[in-house]
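Numbered per numbering that gives the first Met the number 0, the sequence shown finishes at 241, counting up by one with no gaps.
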Amino acid sequence: MIKLFRKIRRRLLSEGKFSNYLLYAIGEIVLVVIGILIALQINTSSQRAKDQAQEQVYLKSFQIDLEKDIQELDRVIAKATRVSVLADSLLMFFENRDLLDDETLEPIILELSNFTIYLSHEGTVRDIVGSGDLDLIQSDSVRIKMASWEADLKSIREWESLSKEATADYMDYLGENIDMYKRESGKSMIDEESKARILEDRYFLNLVARRYHEMTILARLYQSELESTLNTLKVVKSELRP
């Protein structure tokens, strides 16, 4: 093709047809520009196809993470709610000693030492953000969710940290005031003397109130995160190709 163009140019010059040569040269330049534009368009289309394919890979992986997060949130919501309800029951028992019998009291006191933490699945988000591919995600809501992942969990992490400290204080109190070692032999850990002492202890009452307060807030935060995750999963599914 290049040789053909050269022959045409030489022939036009040799015949002295400069005006024709000039028109031909302009036409040749136009053809070259058109060729470059076509090549750029092909490259752009090819890159767009690659980006869309990579986006689908990310979205499918993110979908799996979100589905696991939903299961995990169901778990921590149930556990936080359970501790909150038990703490509330124990607080009511302080006001009315007829509400709980001794056999129920000991399991409640022990179960209030349970601690939970939301183990979110962040692999896909970290891969996307770390690789700088966040712009590949076309959905604004999904992209924002990924970008604000850590910030969205900040309140949860802060309250989990407070709950962990409260659990440690609660366990320290139990270790000093009841016979925890009897648990292994199946014996009662709280005798009448211990029960009377702790039920009259304002510090213990405050520890129980603290457990109730923090676990109630965590249950609400987990529920809010669950609703947000369900909404994000719905959008992700709508963005996935069949």
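Each residue gets a CB set at the ideal place from its N, CA and C atoms; glycine is no exception.
In this text the structure is predicted, and so the values were computed from the model without any measurement.
Subject >> Option nearest Asp168 by Cα separation, candidates Ala208, Asp87, Ser223 >> reply: Closest by alpha carbon: Ala208.
Original post:
Which residue's Cα is closest to the Cα of Glu224: Val82, Asp134, Lys144, Ile127?
Top reply: Just measuring C-alpha positions, the residue of Val82, Asp134, Lys144, Ile127 sitting nearest Glu224 is Lys144.
Original post:
Closest by CA to Thr123, which one among Glu54, His212, Lys233?
Top reply: Per the Cα distances, Glu54.
Original post:
At what residues does the alpha helix (DSSP H) containing Lys153 begin and finish?
Top reply: Looking at the DSSP string, the run of the alpha helix (DSSP H) that includes Lys153 is 153-176.
**OP:** Just the C-alpha distance for Asp200 and Ala150, rounded to the nearest angstrom, thanks.
**Re:** Here the alpha carbons of Ala150 and Asp200 stand approximately 39 Å from one another.
Original post:
Whose CA, out of Leu217, Thr231, Ser227, lies closest to the CA of Ala79?
Top reply: When each option's Cα is compared against that of Ala79, the closest is Leu217.
Subject >> Nearest-angstrom beta carbon gap, Val235 and Leu58 [assumed within contact, 8 Å] >> reply: Confirmed, about 5 Å.
Original post:
Taking the continuous alpha helix (DSSP H) assigned at Ser223, which residues delimit it?
Top reply: Secondary structure note for Ser223: its alpha helix (DSSP H) is the uninterrupted segment 201-238.
Subject >> Residue burial classification, Ser227 (beta-carbon count within 10 angstroms, cutoff 16) >> reply: That one is exposed.
**OP:** Could you tell me whether the stretch 120-138 touches the stretch 161-177, where touching means 3 or more Cβ pairs closer than 8 Å?
**Re:** Counting C-beta pairs with one atom in each stretch, the stretch 120-138 and the stretch 161-177 have fewer than three that are closer than 8 Å, which means they do not touch.
**OP:** Taking Lys186 as the reference, give the member of Glu102, Ile116, Phe203, Ser60 with the closest Cα.
**Re:** Closest by alpha carbon: Glu102.
Original post:
Any idea what DSSP makes of Phe61, helix, strand or coil?
Top reply: Secondary structure of Phe61 (DSSP, three-state): helix.
**OP:** Using 6 Å as the cut-off, classify the Cβ of Val124 as near or not near the heavy atoms of the ligand HEM, replying yes or no.
**Re:** In terms of ligand content, the structure shown is empty, and the ligand HEM therefore cannot be addressed.
**OP:** Flag this pair as yes or no: are the beta carbons of Tyr221 and Ser83 separated by less than 7 Å?
**Re:** Using a Cβ distance threshold of 7 Å, Tyr221 and Ser83 do not count as a contacting pair.
**OP:** Mind reading off the beta-carbon distance from Thr231 to Leu118? Whole number of angstroms is fine, and I expect it under 8 Å.
**Re:** With a Cβ gap of about 18 Å, Thr231 and Leu118 do not count as contacting.
**OP:** Under 8 Å Cβ to Cβ from Arg196, same chain only, skipping five residues before and after it: list those, please.
**Re:** Residues Asn176 of the same chain have their beta carbon placed closer than 8 Å to that of Arg196, with the five preceding and five following residues left out of the count.
Original post:
What number of angstroms, rounded off, separates the C-alpha of Asp68 from the C-alpha of Ile37?
Top reply: When rounded, the distance between both Cα atoms is 46 Å.
Original post:
CA-CA distance, Leu72 and Thr115?
Top reply: Those two C-alpha atoms are separated by around 11 Å.
Subject >> For Gln137 and Lys233, the rounded distance between their alpha carbons >> reply: If you take the alpha carbons of Lys233 and Gln137, they lie about 15 Å apart.
Original post:
Nearest to Ala165 by CA position, among Leu198, Ile155, Met214, Asp134, is which residue?
Top reply: Cα-wise, what sits closest to Ala165 is Met214.
Subject >> Contact set for Lys163: own chain, Cβ-Cβ below 7 Å, skip 5 residues either direction >> reply: The residues are Phe114.
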